[in-house]
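Residue numbers (the working numbering): 6 to 137.
Every residue gets a Cβ at the ideal spot worked out from N, C-alpha and C, and that includes glycine.
Since we're looking at a predicted model, the values are computed, not measured.
Working notes, structure below.
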């Protein structure tokens with residue numbers, strides 16, 4: 006059977022089913038087709054599929070007023086470049102072949118060596134603060 010036929014059959018099978026969603030604010034379950042979604046800036050978030058979405062977090066809400074509250078929450082959170090760079094480094098180190106040098110890491114992350122060093126310093130300082 007051809008791939009496009011499988012897709013149509015799957016669509017027919019799931020047409021009557023409504024998948025549930027959860028609100029990121031109140032954790033209420035609601036039908037997927039009623040979700041209010043959008044992206045908010047978040048320096049701790051990197052995409053596993055597309056670098057264009059690095060620094061953006063997809064949020065889901067059950068209503069426009071909950072979506073607005075979530076936007077305000079993320080707006081108050083500082084956007085720290087070193088945190089974003091650290092997340093990119095973590096993604097590069099945990100996916101694909103091992104990285105052996107800073108030059109390889111720079112190629113895999115799109116960061117420059119000074120940015121990599123700043124991200125590592127930020128990460129190490131944060132770990133020291135958490136250990137106290």
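- Counting along the chain, where does the beta strand (DSSP E) carrying residue 62 start and finish? 61-66
- Query: For residue 87, which residues from the same chain have a beta carbon less than 6 Å from its beta carbon, with the 5 sequence-adjacent residues on both sides left out?
  - Reply: 123, 124 and 127
- Buried versus exposed call for residue 94 [16 or more other C-beta atoms within 10 Å across all chains shown]: Buried is the call here.
- Item | Simplified DSSP state of residue 42, which is helix, strand or coil | Residue 42: strand per DSSP, three-state reduction.
- Message: Measuring only the C-alpha atoms, how far is residue 23 from residue 60?
- Response: The straight-line gap from Cα to Cα measures roughly 31 Å.
- List the residues that DSSP assigns as beta-bridge partners of residue 36. 25
- Item | Within 8 Å, strictly: CB atoms of residue 111 and residue 51 | no
- Task: Write down the C-beta distance between residue 76 and residue 104 rounded to the nearest angstrom, noting that I regard them as a contact closer than 8 Å.
- Result: About 36 Å; that fails the 8 Å criterion.
- Query: Between residue 120 and the rest of its own chain, which residues show a CB-CB distance below 7 Å, the 5 nearest in sequence each way excluded?
  - Reply: 90
- With a 10 Å radius around its C-beta and 16 neighbouring C-beta atoms as the bar for buried, classify residue 114 as buried or exposed. buried
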